[in-house]
Every structure is written in C-alpha cells, then in structure tokens.
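Novice:
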Amino acid sequence: MHLHAETWVNRPRETVFPFFAEAANLQQLTPPWLRFEIRTPQPIEMRVGALIEYRISLHGLPMSWRTEISAYNPPEMFVDRQLRGPYRTWIHTHEFRAQDGGTLLLDHVEFDMLGGVIVGPLVRRDLQKIFTYRHEALLAYFDQPKPWSPAKIRFS
0 MHLHAETWVN RPRETVFPFF AEAANLQQLT PPWLRFEIRT PQPIEMRVGA LIEYRISLHG
60 LPMSWRTEIS AYNPPEMFVD RQLRGPYRTW IHTHEFRAQD GGTLLLDHVE FDMLGGVIVG
120 PLVRRDLQKI FTYRHEALLA YFDQPKPWSP AKIRFS
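Mapping to numbering that gives the first Met the number 0: the sequence shown position 9 is 8, numbers consecutive.
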C-alpha cells in the first residue's frame, strides 16, 4: 500500500528542511494521542545510516519503533525505513520541492502490515488522522495564515 500526502508552506526549503533534519521536532508533528517518545540520545546527527529509536502507543498498546535513515540529500529529500515496529514494511520518503516562493512537502509512504485485508481499513483511518495532524502542525509551526487548505492525503 502507498500513502501520498502534501503540504505547501510559505517558507523556502532551506528553512523547512532543517526543521525536519532535527529529530526532536518529530514530537511536534506527532499527535499527542500516540504518546510519542524518542529514545535515542539527542542530538541525533541526521545522515545515511542514522538510527532512531522511539516508542508510541497505538490504540493503547505501547510499541517500540526503530528507523534507519536510508537516504539523505539536503535540502531535497530523505528516507526513513522501519527496521523494527508495527509494520511489516514502512519506507517513508520526505521530499522538499521549491514551489511558488515556498516549499511543497511531499510524503510518500510504502507500507504493509500483518493482517492487511483485515486491519487495512483501520490502519488507513489512523494514518489519515496522523497525517492530517501533521499537515496542520506544519502550517501552525510555520505561521501560515488561516484558513488553512485541507490536508491532501490519498492512498493507492
């Protein structure tokens, strides 16, 4: 399965990318109901091969998650890949495009989970909520004037 999300912010990518390159900022982009906590000592140097350990709570179940930065090309893109966590596959490409005087942030996630047919609708619903929260948190962080455009999220 694939998730595609996009958010445009009125800031240059040379400003936006460093926000994402600071792992501690992931806390601001993650909904509070996930009880997200980075376990890796900080600061974390973002580079190919960097490992990030964190914990989340999904539907009340605590889970450990370990990701590796498998590609890193500032200020254009980076990829994090789940090594251990709730998904069978999770490869998240973060792309930053200069557009209309700002930055278009593109999230492409390839994911697969155990029990795909059975739990797929629940997972898609959860991801829709998580990426909607992320969209709104980014717009708020970068002081975008309201009304905000709705989150553009689709699954394929």
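Every residue gets a Cβ at the ideal spot worked out from N, C-alpha and C, and that includes glycine.
When the Cβ atoms of the region 97–108 are set against those of the region 5–13, are three or more pairs found closer than 8 Å?
Specialist: The region 97–108 vs the region 5–13: in contact.
Novice: Determine the burial state of Leu-121: buried for a count of at least 16 other Cβ atoms within 10 Å of its Cβ, exposed for fewer.
Specialist: When all chains shown are included, Leu-121 counts as exposed.
Novice: Quick check on the DSSP output: the beta strand (DSSP E) that includes Thr-6 runs from which residue to which?
Specialist: Run containing Thr-6: 1–8, per the beta strand (DSSP E) assignment.
Novice: Whose C-beta lies closer than 8 Å to the C-beta of Trp-64 among residues of the same chain, with five residues either side of it excluded?
Specialist: So the qualifying residues of the chain are Glu-52, Tyr-53, Arg-54, Ile-55, Gln-81, Arg-83, Gly-84 and Pro-85.
Novice: Would you mind giving the Cβ-Cβ distance between Phe-130 and Leu-25, rounded to the nearest angstrom? I have them listed as a contact below 8 Å.
Specialist: Not quite, the Cβ-Cβ distance comes to about 13 Å (not below 8 Å), so this is no contact.
Novice: Taking only three categories from DSSP, how would you classify Glu-109?
Specialist: Strand at Glu-109.
Novice: On the three-state DSSP scale, how would you describe His-58?
Specialist: Coil, per DSSP.
Novice: Measure from the alpha carbon of Arg-133 to the alpha carbon of each residue in His-58, Gln-27 and Met-0, then state which is nearest.
Specialist: Of the candidates His-58, Gln-27 and Met-0, the one whose C-alpha sits nearest the C-alpha of Arg-133 is Gln-27.
Novice: Quickly, what does DSSP pair Tyr-53 with across the bridge? List them, please.
Specialist: For Tyr-53, which the question treats as bridged, DSSP gives the partners Ile-37 and Trp-64.
Novice: Give the secondary structure of Asp-79 by DSSP, where H, G and I count as helix, E and B as strand, and everything else as coil.
Specialist: Three-state result, Asp-79: strand.
Novice: Quick one: what's got a C-beta closer than 6 Å to Ala-150's C-beta in the same chain, skipping five residues either side?
Specialist: The residues are Thr-131 and His-134.
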